[in-house]
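Asks: Below is one structure. I have some questions about it.
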Amino acid sequence: MEGNIVEAARFIGAGLAMIAAAGAGVGIGLSVQGALTGMARNPDTYGNLLTNMILGIAFSEAIAIYALVIAFLMLFKVV
Amino acid sequence: MKTQKRRPWRRWVVLVLMIVGFILGGIFVPVQPEITVAAEKLIEEPIVGNFLGLGPLYLVNTLPTLAVTIVLLVVLAFFTNRSLKKSAKTDLVPQGIGNLMEAFMELLYGLTEGSAGAKWAPLIFPWFATIMVYVLFANLLKIIPGFESIGFLLPAQGEGRTIAELGAGWANILPAKVATGGYVLVPFLRGVSVDLNFTFSLALIAVIWIQVVGFQAQGFGYISKFFNVRTMFKTPFFGAMDFLVGLLELISEFSKILSFAFRLFGNMFAGVVLVAIVAGLLGRISILPSMIMMFELFVGIIQAFVFGMLTMVFMAQATQGHGHEEEHAEVSAEAH
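Those protein sequence lines, which keep their order, are chains A and G.
Position in the first sequence (from 1) plus 269 gives the number in my numbering.
Position in the second sequence (from 1) plus 24 gives the number in my numbering.
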């Protein structure tokens with residue numbers, strides 16, 4: 270068994286960085302669930318809730334994007 | 025009114041473009057480009073040796089895109105202005121692009137008024153709309169074909185790619201890698217938002233103007249948001265807590281700059297890399313990268329909306345006084 274230990278560490282690191290996507294997934298799911306419940310109870314608030322839901326999703330998604338950028342940086346030896 | 029048989033020929037243009045794109049993707053095999061976080065230099069020497077005493081200024085490939093963005097915005101403003109002036113002379117009913125922009129601005133103004141209230145909306149709205157339209161154009165320009173794919177071929181320092189001459193000084197880059205004597209592509213144009221300098225400077229402008237709006241709305245009392253000594257002498261313990269909370273607010277202002285800058289940059293950079301990787305993995309099948317391009321369209325619009333919306337929400341927060349929370353603190357102090 271031979272190989273480059275640094276290469277292996279890069280791939281493992283990129284994989285570990287993407288664990289953060291789990292948290293973002295939970296966050297997006299919770300915000301959509303809350304918004305949908307609100308919409309079902311009071312359909313008049315649809316537009317307002319949709320805007321705020323997308324804002325919240327963007328916040329949660331940003332965390333996953335940070336992790337994705339870190340993973341890319343490791344994968345492509347940028348830094 | 026006579027009914028006519030409509031001939032929707034435009035949809036065939038779209039179909040032809042899709043087929044042409046599919047065939048071109050089969051002929052010119054997509055190559056995974058060199059992924060760099062910083063924008064590439066088009067000219068190796070700096071164009072200004074010592075810019076404002078800060079350092080050398082290079083002609084990077086995001087600068088032409090920035091110029092294109094600004095020219096497009098000026099052209100849009102010109103035509104909107106002309107259309108609105110024409111409608112002002114006739115019957116005050118805007119038509120064409122003037123109508124479109126009026127509807128868009130009314131939508132944005134309604135959003136501003138909903139969050140900031142009618143009093144402060146005129147102060148906040150120009151910043152919100154400017155940032156949003158600017159970032160929207162910067163994000164959407166990135167997905168035009170030709171960005172990040174047409175450029176100079178430079179001899180690679182290390183590992184590079186082989187090329188095939190097409191004649192007249194043009195060459196096609198091939199997926200095969202060679203250890204020495206290969207080439208790397210330095211594209212002419214790179215999306216503006218895929219440059220951390222752009223997003224960071226925009227974030228600095230946004231956060232500094234949030235503070236300016238705060239001072240305009242509350243006068244000098246705005247600074248008590250950060251150095252809260254109002255309740256220090258009445259209730260020493262909770263006053264000290266309020267002071268610490270104010271310091272945390274100060275730190276959060278700085279973290280706003282970072283989160284603004286990295287949210288936009290991260291989303292756009294991840295989009296570029298995702299399209300490149302999927303195209304590079306699949307080779308001649310070009311249907312999936314175009315699906316991801318479509319997702320990038322969505323992400324670009326959403327991120328522009330989020331950047332503008334967050335600026336607006338933070339500005340609206342800055343206009344509101346700190347009084348409500350102080351009352352809350354006093355009530356809780358009595359309750360304890």
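The C-beta atom is built at its ideal place from N, Cα and C for all residues, glycine as well.
(1) Roughly how many angstroms separate the alpha carbons of G:T136 and G:F149, rounded to a whole number?
(2) Whose Cβ in chain G lies nearer than 7 Å to the Cβ of A:I323?
(3) With distances taken from CA atoms, which of G:W33, G:F257, G:A101 and G:F329 is nearest G:L131?
(4) Since G:F171 is in the alpha helix (DSSP H), which residue starts that stretch and which ends it?
(5) Helix, strand or coil: how does DSSP classify G:W194 here?
(6) Measure the alpha-carbon distance for A:A340 versus A:A286 and round it to whole angstroms.
(7) For G:V55 and G:P211, which I take to be in contact (beta-carbon distance under 8 Å), what is that distance rounded to the nearest angstrom?
(8) To the nearest angstrom, report how far apart G:V72 and G:N85 are at their CA atoms.
(9) Does G:A127 get closer than 8 Å to chain A when you measure Cβ to Cβ?
(10) For G:G191 and G:F176, what's the separation of their Cα atoms in angstroms?
(11) From this set, A:F280, A:E271, A:T314 and A:A290, which residue's C-alpha is nearest A:I364's C-alpha?
(12) Figure out for me which residue from G:T259, G:L282 and G:F267 has the closest Cα to the Cα of G:N252.
(13) Comparing alpha-carbon positions, which option in G:V297, G:N221 and G:G193 lies nearest G:L81?
(14) Are the C-beta of G:I59 and some C-beta of chain D separated by less than 8 Å?
(15) Using a Cβ-Cβ distance under 8 Å, would G:M333 count as near chain A?
(16) Please return the same chain residues whose Cβ sits closer than 6 Å to the Cβ of G:L83, not counting the five positions on each side in sequence.
(17) I'd like the span of the beta strand (DSSP E) that includes G:V210, first residue to last.
Replies: Looking at the atomic coordinates:
(1) Numbered from its first residue, the second sequence carries residue 136 of chain G at position 112. Numbered from its first residue, the second sequence carries residue 149 of chain G at position 125. Answer to the nearest angstrom: the Cα atoms are 6 Å apart.
(2) Position 54 of the first sequence holds residue 323 of chain A. Under the 7 Å cutoff, chain G gives I326.
(3) Taking the second sequence and counting its residues from 1, one reaches residue 131 of chain G at position 107. Nearest option by C-alpha distance: G:F329.
(4) On the second sequence, residue 171 of chain G is found 147 positions in, with the first residue counted as 1. Element bounds for G:F171: n/a, residue is neither H nor E.
(5) What you label residue 194 of chain G is simply residue 170 of the second sequence in a count that begins at 1. In this structure, G:W194 counts as strand in the three-state DSSP scheme.
(6) For this step, residue 340 of chain A is matched to residue 71 along the first sequence. For this step, residue 286 of chain A is matched to residue 17 along the first sequence. If you take the alpha carbons of A:A340 and A:A286, they lie about 6 Å apart.
(7) The count along the second sequence starts at 1 and reaches residue 55 of chain G at position 31. The count along the second sequence starts at 1 and reaches residue 211 of chain G at position 187. The Cβ separation is near 12 Å, so there is no contact.
(8) Here residue 72 of chain G refers to the residue found at position 48 when the second sequence is read from its first residue. Here residue 85 of chain G refers to the residue found at position 61 when the second sequence is read from its first residue. Computed Cα separation, rounded: 16 Å.
(9) Here residue 127 of chain G is taken as the residue at index 103 of the second sequence, counted from 1. It does not; no Cβ of chain A falls within 8 Å.
(10) On the second sequence, position 167 is the one that residue 191 of chain G refers to. On the second sequence, position 152 is the one that residue 176 of chain G refers to. Cα to Cα, G:G191 sits roughly 15 Å from G:F176.
(11) Outside the displayed span of chain A (270 to 348) sits residue 364 of chain A, for which this structure offers no information.
(12) As a working mapping, residue 252 of chain G is identified with position 228 in the second sequence. Minimum Cα distance to G:N252 is reached at G:F267.
(13) In the second sequence, residue 81 of chain G corresponds to position 57, counting from 1. Among G:V297, G:N221 and G:G193, the Cα nearest to that of G:L81 is on G:N221.
(14) The structure shown contains no chain D; its protein chains are A and G.
(15) Along the second sequence, read from residue 1 onward, the residue named residue 333 of chain G stands at position 309. G:M333 counts as touching chain A.
(16) Here residue 83 of chain G is taken as the residue at index 59 of the second sequence, counted from 1. So the qualifying residues of the chain are L66, I67 and I71.
(17) As a first step, residue 210 of chain G must be located in the second sequence, where it is residue number 186. G:V210 -> beta strand (DSSP E) spans Y207 to P211.
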